[in-house]
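Down below is the structure, laid out as structure tokens.
Written out as structure tokens, the structure reads:
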């Protein structure tokens, strides 16, 4: 059986409520705290990302949730891939000390992903919806990447602690 066409089976009120929820979530993750004199805020994502290992997992899971909801709204595979690449870029660059944290604040992957979702829903062209197997592989791969990066962060953090204990006995 062929996949349904983009956006075909979702009631407009449900779609609007979901988009509002995702917009609020992306703003919480990427813009929650306003900084006086700046046009952008800092979200919770880069802040919780400072927690070695666990912060990346929580932020990644929330970002993956946005992609999953976009799938449920009928966003096609190419857009879902762009959304996943935004998160993967943020995750990988985020591993670089200091620069990664600054990049996370500036990149705003979650806001970008909701903008991609909204632009696709506003577009008049009809696209083929992604299938269930694709989204399982996409989100599974993304979460695996985030898990590996988090594990790497924990190992590096533990190594730094071990080195400090050797250098500063006590």
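In the working numbering, the protein residues as written are 9 to 178.
Even for Gly, the Cβ is constructed at its ideal location relative to N, Cα and C.
For clarity, every value in this text was computed on a predicted model and none was experimentally measured.
Mind checking residue 117: buried by the 16 CB within 10 Å criterion, or exposed? Burial call: buried.
Proximity winner among 90, 153, 148, 139, relative to residue 122 (alpha-carbon distances): 90
What separation, rounded to the nearest whole angstrom, lies between the Cα atoms of residue 30 and residue 107? 27 Å
What separation, rounded to the nearest whole angstrom, lies between the Cα atoms of residue 151 and residue 68? 7 Å
Counted within 10 angstroms of its Cβ, other Cβ atoms place residue 165 as buried (16 or more) or exposed: exposed
Taking Cβ to Cβ, would you say residue 42 is nearer than 8 Å to residue 51? no
Under a three-way DSSP split, which group does residue 42 fall into? strand
At which residue ranges does the stretch 76–131 contain complete alpha helix (DSSP H) runs of 4 or more residues, listed in the order of the chain? 85–101, 107–115, 117–130
If you draw a straight line from the C-alpha of residue 46 to the C-alpha of residue 147, how long is it? 33 Å
Pick out whichever of 28, 177, 114, 56 has its Cα sitting closest to the Cα of residue 81. Closest by alpha carbon: 28.
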